[in-house]
Structures are given as structure tokens and as C-alpha cells.
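Peer 1:
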Amino acid sequence: MSTFGAEFEEVWPKPGTAIKLTEFGTNLLQKCLKVEKPVVSHIDIKSFIKKSSNFPVEFGTNTCRVISQPKERYPEIEKQIASAYPIIHERVLGLYLAFLEHKCKYGNDIERTFYNGMALTALVQRLLEKRCVVFMGADDNYLLLNGQEGFGGFHDVGTSAESGNLRLKHVLSYDEIKLSAFLSVSSHTEFLNDGNRFNCGVIEEDKSKIEPSGVIVGMIGGRFEVPDVMEWQ
Numbered sequence: 003m004s005t006f007g008a009e010f011e012e013v014w015p016k017p018g019t020a021i022k023l024t025e026f027g028t029n030l031l032q033k034c035l036k037v038e039k040p041v042v043s044h045i046d047i048k049s050f051i052k053k054s055s056n057f058p059v060e061f062g063t064n065t066c067r068v069i070s071q072p073k074e075r076y077p078e079i080e081k082q083i084a085s086a087y088p089i090i091h092e093r094v095l096g097l098y099l100a101f102l103e104h105k106c107k108y109g110n111d112i113e114r115t116f117y118n119g120m121a122l123t124a125l126v127q128r129l130l131e132k133r134c135v136v137f138m139g140a141d142d143n144y145l146l147l148n149g150q151e152g153f154g155g156f157h158d159v160g161t162s163a164e165s166g167n168l169r170l171k172h173v174l175s176y177d178e179i180k181l182s183a184f185l186s187v188s189s190h191t192e193f194l195n196d197g198n199r200f201n202c203g204v205i206e207e208d209k210s211k212i213e214p215s216g217v218i219v220g221m222i223g224g225r226f227e228v229p230d231v232m233e234w235q
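Residue numbers (the working numbering): 3 to 235.
1) Which whole-angstrom value describes the C-beta separation of VAL135 and LEU125, a residue pair presumed to lie in contact below a C-beta threshold of 8 Å?
2) Since THR123 and VAL37 should fall inside the 8 Å C-beta cutoff, what is the C-beta to C-beta distance between them, to a whole number of angstroms?
3) Across which residues does DSSP place GLY216 in a beta bridge pair?
4) In terms of DSSP beta bridges, what is ASN143 paired with?
5) Pair every Cβ in the region 185 to 198 with every Cβ in the region 212 to 223, then say whether three or more of these pairs are closer than 8 Å.
6) Determine the DSSP secondary structure at ILE79, reduced to helix, strand or coil.
7) Measuring straight from C-alpha to C-alpha, what distance separates VAL68 and LEU147?
8) Secondary structure at LEU168, three-state DSSP: helix, strand or coil?
9) Rounded to whole angstroms, what's the CA-CA distance from ILE205 to ILE83? Just pull it up for me.
10) Have a look at ALA163, PRO72, GLU164 and MET138 and flag the residue whose alpha-carbon is nearest the alpha-carbon of ILE179.
11) What do you get for LYS171, buried or exposed, if any count of 16 or more other CB atoms within 10 angstroms of its CB means buried?
12) The alpha helix (DSSP H) spanning ILE21 covers which residue range?
13) Tell me the DSSP secondary structure of ILE45 in three-state form.
14) Within a Cβ cutoff of 6 Å, which residues of the same chain sit near GLY27, ignoring the five residues on either side of it in sequence?
15) Taking the beta carbon of PHE153 as the centre, do at least 16 other beta carbons fall within 10 Å, making it buried, or is it exposed?
16) Which first and last residues belong to the beta strand (DSSP E) in which ILE112 is found?
17) What is the rounded straight-line gap between the Cα of GLY44 and the Cα of ASP230?
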């Protein structure tokens with residue numbers, strides 16, 4: 003038996019079980035039927051490069067950016083850009099729907115107003131756009147997209163005590179950070195190296211040592227520094 007106990011050994015989800023949708027959740031899912039899958043013809047690589055150049059935070063390396071690639075590769079890069087999309091487990095889909103319904107019905111005044119009418123796709127987009135560049139440590143050390151650095155204050159996000167840039171309209175709340183930990187982003191890509199933890203974006207000259215291309219999934223690790231919130235729950 004695992005050191006985590008008998009429950010850890012159980013198959014999840016149990017065979018034959020299904021997501022139980024409420025009328026609220028069903029209506030939100032129906033709206034997702036109109037979501038269009040990205041296509042290459044809609045990709046403007048010049049606009050993409052400009053947006054990347056205007057990104058407010060400096061990239062750790064330029065070797066993996068489009069600006070460092072030869073123009074003859076642009077057609078393939080456009081396909082890779084179009085292939086990027088968020089991924090969640092189907093059970094997390096039910097969790098996101100339940101979250102929106104709960105906040106709309108039982109949230110505080112700020113939350114009910116904020117989440118009212120929010121689509122499921124809008125929540126997923128928000129979980130990607132409003133996350134901090136850096137968020138770590140027991141004191142919630144953070145770096146926002148606008149360059150602001152600090153620590154603490156996230157307990158108040160989404161409440162009457164929120165202030166400054168730490169407001170629900172600008173950043174994720176503790177509850178949303180917990181939800182975003184289940185969210186990954188995937189795309190087709192070409193590989194520079196073997197992807198080890200300390201690869202530093204250095205290009206591997208011997209291509210026989212690495213896979214030339216494949217699918218990459220950006221995942222988020224659990225964060226347990228602050229008791230009784232987020233992943234602790």
C-alpha cells in the first residue's frame with residue numbers, strides 16, 4: 003500500500019461515473035459549441051512578433067522566440083501558433099462550471115457582480131491572462147505583468163479589502179489560483195535541446211541527441227507554502 007493511504011490507490015474517476023451538470027452548467031457548455039478552433043489562415047505572424055516584442059516582461063532567452071527564427075520557417079511556425087490551446091481534465095471542466103455557479107449564487111457582492119454572465123471560455127482565458135509572472139514563497143512574493151513587485155495581499159483579492167493592483171479585475175484570487183493549477187497549455191513545437199530542468203534555452207548542436215519536434219505541455223506544479231488555501235484544500 004502507498005504511504006499516502008488506501009484512497010491514493012483507488013482508480014479515479016471510478017469507472018462508470020459521469021459529470022453531473024446543473025442547468026447552469028449545461029447552459030454554459032452549450033455556449034461553448036460556438037467556439038471556433040484556431041486556423042492558420044487567421045495567424046498574422048508579423049502581428050504575433052510585434053505583440054511578443056511589446057510583452058512587458060523580459061524573456062529569459064531569445065533562442066526559442068519567433069524573432070530568432072529564419073523567415074523560411076514562418077509557415078510551419080504559423081501552424082504551431084494555431085495549435086496552441088489550453089488543456090484540462092474533463093473532471094476539471096465540471097469543477098470550473100461549479101465554481102462559476104457557486105460564485106454567481108453565493109459569492110460576495112464583488113464576486114457576484116464580477117462573475118455574472120462570465121462564459122466558461124472567458125474564465126479559462128482569465129486564468130491564463132491574469133496570473134502573476136512570479137508567485138512564490140510563504141509570503142506570496144509576486145511580480146505582476148505591469149512590473150510591480152511585492153508580497154502579501156492576495157488574501158484580500160475579491161473582497162471589500164482589496165486595493166491597488168491587487169484587485170479581482172487585475173489578478174487572480176486565491177480560489178482562482180487553485181483552479182489554474184489544473185490548467186495546462188499545449189502546442190506543437192520544434193525542440194532546441196533535451197528539455198532538462200537546467201537547459202537554459204541553449205541550442206543542442208548535435209541533433210541526433212534530441213527529438214526534432216513534438217508536442218509540448220506547459221504544466222503548473224502544486225504550491226503548499228500557505229496552509230489551508232489553494233492546493234492545501
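All C-beta atoms, glycine included, are put in the ideal place defined by N, C-alpha and C. If you're wondering where the values come from, they're calculated on a predicted model, not measured in any experiment.
Peer 2: By the coordinates alone:
1) The sequence position of residue 135 within the sequence shown is 133, counting from 1. The sequence position of residue 125 within the sequence shown is 123, counting from 1. At roughly 20 Å, the Cβ-Cβ gap does not stay under 8 Å, so VAL135 and LEU125 are not in contact.
2) By 1-based counting over the sequence shown, the position of residue 123 is 121. By 1-based counting over the sequence shown, the position of residue 37 is 35. Correct: roughly 6 Å between the Cβ atoms.
3) As a position in the sequence shown, residue 216 is number 214, starting the count at 1. Answer is THR191, bridged to GLY216.
4) As a first step, residue 143 must be located in the sequence shown, where it is residue number 141. DSSP output for ASN143 lists MET138 and PHE153 as bridge partner(s).
5) yes
6) Residue numbering aside, residue 79 sits at position 77 when the sequence shown is read from its first letter. Reduced to three states, the DSSP call for ILE79 is helix.
7) On the sequence shown, position 66 is the one that residue 68 refers to. On the sequence shown, position 145 is the one that residue 147 refers to. Answer to the nearest angstrom: the Cα atoms are 21 Å apart.
8) The residue given as residue 168 occupies position 166 in the sequence shown. In this structure, LEU168 counts as strand in the three-state DSSP scheme.
9) Counting from 1 along the sequence shown, the entry for residue 205 is found at position 203. Counting from 1 along the sequence shown, the entry for residue 83 is found at position 81. Their Cα atoms are separated by approximately 21 Å.
10) The sequence position of residue 179 within the sequence shown is 177, counting from 1. Per the Cα distances, MET138.
11) As a position in the sequence shown, residue 171 is number 169, starting the count at 1. Under this definition LYS171 is an exposed residue.
12) Locating residue 21 in the sequence shown gives position 19, where the first residue counts as 1. Where ILE21 is concerned, there is no enclosing alpha helix (DSSP H), given that its DSSP letter is neither H nor E.
13) As a position in the sequence shown, residue 45 is number 43, starting the count at 1. Of the three classes helix, strand and coil, the one that applies to ILE45 here is coil, per DSSP.
14) If you number the sequence shown from 1, residue 27 lands on position 25. Correct list, in chain order: LEU99.
15) Translated into the one-based positions of the sequence shown, residue 153 becomes position 151. Result: exposed.
16) Numbered from 1 along the sequence shown, position 110 holds the residue referred to as residue 112. That residue, ILE112, is in no beta strand (DSSP E); its alpha helix (DSSP H) goes 111 to 117.
17) Within the sequence shown, the letter at position 42 stands for residue 44. Within the sequence shown, the letter at position 228 stands for residue 230. According to the sequence shown, residue 44 is His rather than Gly. Looking at the two C-alpha atoms, the distance is approximately 44 Å.
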